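Visitor: I'd like to ask you about the structure that follows.
In the numbering used here, the protein residues as written are 3 to 469.
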């Protein structure tokens with residue numbers, strides 16, 4: 003079989019039946035994973051991430067097709083501190099067939115406040131055609147899409163197939179993949195593959211599949227602004243002494259132009275054509291409240307996919323409930339910058355740092371630390387693997403595939419390309435515009451989930467027969 007051929011009708015039908023018949027088991031397995039609060043952030047209990055890794059390893063072992071299955075950790079940077087546990091499984095290719103590496107992550111974002119959820123974040127709940135829960139989509143559904151696709155392949159062609167398989171289920175993607183580089187070095191031989199599928203992205207809508215071909219990079223850091231050695235009485239000194247909050251507000255306001263576009267010299271944009279996307283669609287999918295307008299200029303998707311963005315994602319300052327009549331001496335904020343594909347994150351960080359130091363008001367002292375960086379990525383769509391996956395998606399969904407960019411970041415993909423330059427990267431996913439990943443009431447559309455599983459099962463079957 004070549005990438006230009008459609009899948010044999012009998013194989014397509016058998017895989018479709020296997021995926022559909024397996025959905026109750028797949029949803030039950032996913033629900034068990036969602037119940038494990040595997041938040042990988044430093045402030046949360048790491049035993050839950052270990053429990054999640056063990057549960058995933060059990061699912062992988064249960065497939066009965068891998069030569070090796072292990073839970074492994076790697077050190078973070080040059081330290082002796084170990085990162086969160088990942089699951090790694092391998093099966094050698096035979097008879098000249100390719101090897102495909104399937105990636106997802108089993109850690110999740112913090113849930114936020116329980117009162118913002120309509121049901122408990124770690125109690126999977128079906129309402130209508132969606133399964134709600136933290137990680138129900140991002141990315142435990144990605145984990146189960148791999149598991150269920152392999153199950154369907156085994157159900158259809160048996161366990162004695164020739165395709166080489168590697169499964170890598172990471173445990174700290176939501177906390178910056180800080181041990182990822184060392185993990186790649188430690189397991190380079192096991193992770194080597196002809197095709198890498200990263201199941202951690204979006205679809206155009208619940209009826210239309212998408213292949214992600216562009217991702218922004220990211221730079222995040224803590225910015226601390228200090229104006230006083232200690233808090234001072236606001237009545238005694240206010241009007242003559244700049245407090246840290248005033249200095250912080252003034253400094254942050256320099257990051258954007260009047261229309262909300264980024265005003266930092268040295269952050270680049272990229273020109274690329276985008277599909278039509280209306281203000282009304284943005285208003286609906288993003289959840290804008292009445293009266294709020296979009297920011298930036300140019301086509302909306304161009305702003306999201308190909309231009310930089312800067313967001314203040316957190317702030318440490320006196321709370322309203324505990325506010326006293328004092329001038330705050332110090333304020334810290336967390337800044338998250340998204341970087342246009344094609345710009346190196348180190349170059350972007352240097353531009354941000356230079357801008358903040360140059361624009362500190364009133365001589366305020368500025369400190370920048372806790373820096374994370376990741377490069378963006380542009381997919382080479384000329385390879386045979388892209389044709390294979392697009393054929394599989396079209397057959398599974400009954401709709402043409404949209405090639406789309408994503409405003410978010412998956413920085414480790416650039417590392418995968420660096421370590422495995424000959425591998426073809428396919429960025430797929432189980433999410434849709436209604437998923438609300440990272441937000442309260444995150445959910446998975448079960449129809450999208452089933453079609454994503456069938457897409458991957460078809461891809462595996464096609465590669466198993468690839469001549």
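Here a beta-carbon is modelled for each residue, glycine too, at the ideal position from N, C-alpha and C.
Treat the numbers as computed from the prediction; the structure is a model and nothing was measured.
May I have a chain-ordered list of the beta strand (DSSP E) segments no shorter than 3 residues that lie completely inside the stretch 138 to 185?
Guide: 166 to 172
Visitor: Determine the contact status of residue 434 and residue 149, defining contact as a CB-CB distance below 8 Å.
Guide: As a working note, residue 434 is residue 432 in the chain shown. As a working note, residue 149 is residue 147 in the chain shown. Contact: no.
Visitor: Which residue's Cα is closest to the Cα of residue 250: 362, 389, 109?
Guide: Position 248 of the chain shown, counted from the start, is the residue given in the question as residue 250. It is 362 whose Cα lies nearest to the Cα of residue 250.
Visitor: So, with DSSP's three-state summary, where would you put residue 432?
Guide: Indexing the chain shown from 1 puts residue 432 at position 430. If DSSP states are grouped into helix, strand and coil, residue 432 belongs with the strands.
Visitor: Applying the criterion that 16 or more other CB atoms from any shown protein chain within 10 Å of the CB defines a buried residue, is residue 392 buried or exposed?
Guide: Residue 392 sits at position 390 when you count from the first residue of the chain shown. Classification for residue 392: buried.
Visitor: Kindly indicate the opening and closing residues of the alpha helix (DSSP H) around residue 414.
Guide: Reading the chain shown from its first residue, position 412 is the one you call residue 414. Where residue 414 is concerned, the enclosing alpha helix (DSSP H) stretches over 414 to 421.
Visitor: Can you find the residues in the same chain that come closer than 7 Å, C-beta to C-beta, to residue 236, ignoring five residues on each side of it along the sequence?
Guide: Translated into the one-based positions of the chain shown, residue 236 becomes position 234. Correct list, in chain order: 327, 328, 329.
Visitor: From residue 193 to residue 170, what distance separates their C-alpha atoms?
Guide: Against the chain shown, residue 193 aligns to sequence position 191. Against the chain shown, residue 170 aligns to sequence position 168. Roughly 8 Å separates the two Cα atoms.
Visitor: If we count the other Cβ atoms within 10 Å of its Cβ and call it buried at 16 or more, is residue 458 buried or exposed?
Guide: By 1-based counting over the chain shown, the position of residue 458 is 456. Residue 458 comes out buried.
Visitor: Would you call the stretch 227 to 236 in contact with the stretch 246 to 261, where contact means no fewer than 3 C-beta pairs closer than 8 Å?
Guide: yes
Visitor: Would you tell me roughly how many angstroms separate the C-alpha atoms of residue 468 and residue 77, rounded to the nearest one?
Guide: Here residue 468 refers to the residue found at position 466 when the chain shown is read from its first residue. Here residue 77 refers to the residue found at position 75 when the chain shown is read from its first residue. Those two C-alpha atoms are separated by around 38 Å.
Visitor: Which residue spans inside the stretch 304 to 382 form an unbroken alpha helix (DSSP H) run of at least 4?
Guide: 347 to 360
Visitor: Starting from residue 223, trace the beta strand (DSSP E) both ways and give me its first and last residue.
Guide: Start at 1 with the first residue of the chain shown, and residue 223 comes out as number 221. From DSSP, the beta strand (DSSP E) with residue 223 extends over 219 to 228.
Visitor: Give the single residue among 401, 257, 157 whose Cα lies nearest to the Cα of residue 13.
Guide: The residue given as residue 13 occupies position 11 in the chain shown. Ranked by Cα distance from residue 13, the options 401, 257, 157 are led by 157.
Visitor: Can you find the residues in the same chain that come closer than 6 Å, C-beta to C-beta, to residue 111, ignoring five residues on each side of it along the sequence?
Guide: The sequence position of residue 111 within the chain shown is 109, counting from 1. Once the five neighbours on either side are set aside, the close Cβ partners of residue 111 are 176, 440.
Visitor: Please report how far the alpha carbon of residue 349 lies from the alpha carbon of residue 159, in whole angstroms.
Guide: Mapped onto the chain shown, residue 349 falls at position 347. Mapped onto the chain shown, residue 159 falls at position 157. Each residue's Cα considered, the two are about 49 Å apart.
Visitor: Are the CB atoms of residue 372 and residue 223 nearer to each other than 8 Å?
Guide: In the chain shown, residue 372 corresponds to position 370, counting from 1. In the chain shown, residue 223 corresponds to position 221, counting from 1. Yes, Cβ-Cβ distance for residue 372 and residue 223 is below 8 Å.
Visitor: In terms of residues, what are the limits of the beta strand (DSSP E) holding residue 105?
Guide: Residue mapping note: residue 105 aligns to position 103 of the chain shown, counting from 1. Unbroken beta strand (DSSP E) run through residue 105: 101 to 107.
Visitor: Assess contact between the stretch 374 to 385 and the stretch 410 to 429, defined as three or more Cβ pairs (one per stretch) separated by less than 8 Å. Is contact present?
Guide: yes
Visitor: Got a sec, what are the start and stop residues for the beta strand (DSSP E) residue 1 sits in?
Guide: Nothing can be reported for residue 1: it is not among the residues displayed for the chain, which extend from 3 to 469.
Visitor: Pick from 84, 422, 203, 305: whose alpha carbon is nearest that of residue 273?
Guide: For the purposes of this step, residue 273 is taken as the residue at position 271 of the chain shown. Of 84, 422, 203, 305, the residue nearest in Cα terms is 305.
Visitor: Which residues in the same chain have their Cβ closer than 6 Å to the Cβ of residue 82, if we skip the five residues on either side of it in sequence?
Guide: Here residue 82 refers to the residue found at position 80 when the chain shown is read from its first residue. Within the same chain, residue 82 has no close Cβ partners at all.
Visitor: Bridge partners for residue 427 per DSSP, in chain order?
Guide: To locate residue 427, count along the chain shown from 1; it is residue 425. According to DSSP, which records beta bridges pairwise, residue 427 is partnered with 198.
Visitor: Taking Cβ positions, are residue 166 and residue 101 nearer each other than 8 Å?
Guide: As a position in the chain shown, residue 166 is number 164, starting the count at 1. As a position in the chain shown, residue 101 is number 99, starting the count at 1. Yes.
Visitor: Does residue 337 pass the burial test, meaning 16 or more other C-beta atoms within 10 Å, or should it be called exposed?
Guide: As a working mapping, residue 337 is identified with position 335 in the chain shown. Buried, because 16 or more other Cβ atoms sit within 10 Å of the Cβ of residue 337.
Visitor: According to DSSP, what are the bridge partners of residue 21?
Guide: Counting from one through the chain shown, the residue named residue 21 turns up at place 19. Residue pairing from DSSP leaves residue 21 without any beta-bridge partner.
Visitor: Could you compute how far the alpha carbon of residue 370 sits from the alpha carbon of residue 406?
Guide: Locating residue 370 in the chain shown gives position 368, counting from the first residue. Locating residue 406 in the chain shown gives position 404, counting from the first residue. Rounded to the nearest angstrom, the two C-alpha atoms are 34 Å apart.
Visitor: Can we count residue 76 as close to the ligand NAP, meaning its CB is less than 7 Å from some heavy atom?
Guide: Of ligands this structure carries none, so the ligand NAP is not represented either.
Visitor: Relative to the C-alpha of residue 67, which candidate in 105, 151, 80, 140 has its C-alpha closest?
Guide: What you label residue 67 is simply residue 65 of the chain shown in a count that begins at 1. Comparing Cα positions, the closest option is 151.
Visitor: Suppose the cutoff is 7 Å on Cβ atoms and the five residues either side in sequence are ignored; what does the same chain contact list for residue 265 look like?
Guide: For the purposes of this step, residue 265 is taken as residue 263 along the chain shown, with counting starting at 1. Result list for residue 265: 256, 257, 258, 259, in chain order.
Visitor: When the Cα atoms are used, what is the spatial distance from residue 15 to residue 395?
Guide: Residue 15 sits at position 13 when you count from the first residue of the chain shown. Residue 395 sits at position 393 when you count from the first residue of the chain shown. The straight-line gap from Cα to Cα measures roughly 14 Å.
Visitor: Per DSSP, residue 127 is paired with what?
Guide: Residue numbering aside, residue 127 sits at position 125 when the chain shown is read from its first letter. Its beta-bridge partners are 134.
Visitor: According to DSSP, is residue 269 helix, strand or coil?
Guide: To locate residue 269, count along the chain shown from 1; it is residue 267. Reduced to three states, the DSSP call for residue 269 is coil.
Visitor: If you drop the 5 nearest sequence neighbours on each side, which residues of the same chain put their C-beta closer than 7 Å to that of residue 461?
Guide: Within the chain shown, numbered from 1, the residue matching residue 461 stands at position 459. Same-chain partners within the cutoff: 390, 391, 394.
Visitor: Would you call the CB atoms of residue 168 and residue 195 closer than 8 Å?
Guide: Looking up residue 168 in the chain shown gives position 166. Looking up residue 195 in the chain shown gives position 193. Yes, the pair counts as a contact, with Cβ atoms nearer than the cut-off.
Visitor: Does the Cβ of residue 91 have 16 or more other Cβ atoms within 10 Å, making it buried, or fewer, making it exposed?
Guide: Indexing the chain shown from 1 puts residue 91 at position 89. Classification of residue 91: buried, given that the 10 Å Cβ count is 16 or more.
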